[in-house]
Amino acid sequence: MTWDAANTWATNLVYHDSVRNVDYGGWQLASALPVNGVSYNMTRAFDGSTDNGFNITSQNSMLMYMLYVNLGLIGVVDTSGNFTYHDGPYGNGTYPANFNVPVIGLVHDLMTKPYWSSEYDATTAFIGNMSGGGQATNPKTNQYFAWAVHQGNIAAVPVPGAVWLFGTGLLGLLGLRRK
57 MTWDAANTWA TNLVYHDSVR NVDYGGWQLA SALPVNGVSY NMTRAFDGST DNGFNITSQN
117 SMLMYMLYVN LGLIGVVDTS GNFTYHDGPY GNGTYPANFN VPVIGLVHDL MTKPYWSSEY
177 DATTAFIGNM SGGGQATNPK TNQYFAWAVH QGNIAAVPVP GAVWLFGTGL LGLLGLRRK
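Now the structure itself:
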């Protein structure tokens, strides 16, 4: 889908948690903010020091941080620009490139294709390429995948329920201690 279509999809996404009967909105495309925290540096680099290149491990680039840090995967080039013979998510040094691996850690069905990220200017947006581990900008009219993210954590146990559970357990322990 185009960047505009991906952005609209993520913005309008509502996930329904049937266990808690709660709807979660507020989704967005994964962001790509300046790696240095100040301004974009579009000089191509292999060491993760710029916003255009490989081995980006800055938390400011959600997709690259997910690929390199959270999933521990290896891009197609090392920090010196040498080809690694590992192809993104499906060649992480543990097993050879295989484009049919459905699960990597907690991530299911990660496609070895580019995913849209933040807008760069009026006509281009960042992409995170999951097949090679690179980040770049491309025209918004290109067709790529989308990865919706939600700010913060969605609690596995609702906080009021957790407090009640902890409180009653504590009272039970105090009651046992008095006997």
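Mapped onto the working numbering, the consecutive letters of the sequence shown carry residue numbers 57 to 235.
Backbone N, C-alpha and C fix where the C-beta goes; we use that ideal spot for every residue, glycine too.
All of these numbers come straight from a predicted model, not from anything done at the bench.
Check the C-beta distance from S176 over to T193 and give it rounded, since I have them as a contact under 8 Å.
As a first step, residue 176 must be located in the sequence shown, where it is residue number 120. As a first step, residue 193 must be located in the sequence shown, where it is residue number 137. Here the sequence assigns Tyr to residue 176, which means Ser is not the residue at that position. Beta-carbon to beta-carbon, Y176 and T193 are separated by about 5 Å, close enough to satisfy the 8 Å threshold.
With a floor of 3 residues, list each beta strand (DSSP E) that falls wholly inside the segment 180 to 213, ordered by position along the chain.
Unbroken beta strand (DSSP E) runs of no fewer than 3 residues, entirely contained in the segment 180 to 213, are found at 180 to 185, 190 to 195 and 204 to 206, following chain order.
Starting from Y96, trace the beta strand (DSSP E) in both directions and tell me its first and last residue.
On the sequence shown, residue 96 is found 40 positions in, with the first residue counted as 1. From DSSP, Y96 is part of no beta strand (DSSP E); its letter is neither H nor E.
Tell me D79's beta-bridge partners as DSSP assigns them.
Counted from its first residue, the sequence shown places residue 79 at position 23. Beta-bridge pairing links D79 to H72.
Coil, strand or helix - V91 by DSSP
As a working note, residue 91 is residue 35 in the sequence shown. Of the three classes helix, strand and coil, the one that applies to V91 here is coil, per DSSP.
Just to check, is the beta-carbon of G82 closer than 7 Å to a non-hydrogen atom of the ligand NAP?
For the ligand NAP, the structure offers nothing, since it holds no ligand at all.
Quick one: does A101 have its CB under 8 Å from some CB of chain B?
No chain B appears in the structure shown, which is made up of a single protein chain.
Could you give the C-beta distance for V163 and L119, rounded to a whole number, given that I count them as a contact under 8 Å?
On the sequence shown, residue 163 is found 107 positions in, with the first residue counted as 1. On the sequence shown, residue 119 is found 63 positions in, with the first residue counted as 1. That belief does not hold up - the Cβ atoms of V163 and L119 are roughly 12 Å apart, past 8 Å.
Is it the case that the Cβ atoms of N111 and T135 are separated by a distance below 8 Å?
Sequence index remark: in the sequence shown, residue 111 carries index 55 (1-based). Sequence index remark: in the sequence shown, residue 135 carries index 79 (1-based). Yes; because the gap between Cβ atoms is below 8 Å, this pair is in contact.
In whole angstroms, what separates the C-alpha of I130 from that of T64?
In the sequence shown, counting from the first residue as 1, residue 130 sits at position 74. In the sequence shown, counting from the first residue as 1, residue 64 sits at position 8. About 31 Å.
Since I believe N116 is in contact with V94 (beta carbons under 8 Å), could you give me their beta-carbon distance rounded to a whole number of angstroms?
Position 38 of the sequence shown, counting from 1, holds the residue named residue 94. Position 60 of the sequence shown, counting from 1, holds the residue named residue 116. The pair is not a contact, with the Cβ atoms about 10 Å apart (cut-off 8 Å).
N- and C-terminal bounds of the beta strand (DSSP E) containing Y171
Here residue 171 corresponds to residue number 115 of the sequence shown, with the count starting at 1. Unbroken beta strand (DSSP E) run through Y171: P170 to E175.
Whole angstroms are fine: how far does the CA of N97 sit from the CA of N77?
Start at 1 with the first residue of the sequence shown, and residue 77 comes out as number 21. Start at 1 with the first residue of the sequence shown, and residue 97 comes out as number 41. Distance between the alpha carbons of N77 and N97 is about 44 Å.
Could you tell me which of Q207, H72 and D165 sits nearest to S187, measuring between CA atoms?
On the sequence shown, position 131 is the one that residue 187 refers to. Of the candidates Q207, H72 and D165, the one whose C-alpha sits nearest the C-alpha of S187 is D165.
Residues near W203 by beta carbon distance below 6 Å, same chain, minus five either side:
Taking the sequence shown and counting its residues from 1, the one referred to as residue 203 is at position 147. Answer for W203: A86 and Y171, listed in chain order.
Which term fits Q199, buried or exposed, when burial requires 16 or more other beta carbons within 10 angstroms of its beta carbon?
Here residue 199 corresponds to residue number 143 of the sequence shown, with the count starting at 1. Label assigned to Q199: exposed.
Under 8 Å between C-beta atoms of D60 and V70
As a position in the sequence shown, residue 60 is number 4, starting the count at 1. As a position in the sequence shown, residue 70 is number 14, starting the count at 1. No, the pair does not count as a contact, with Cβ atoms beyond the cut-off.
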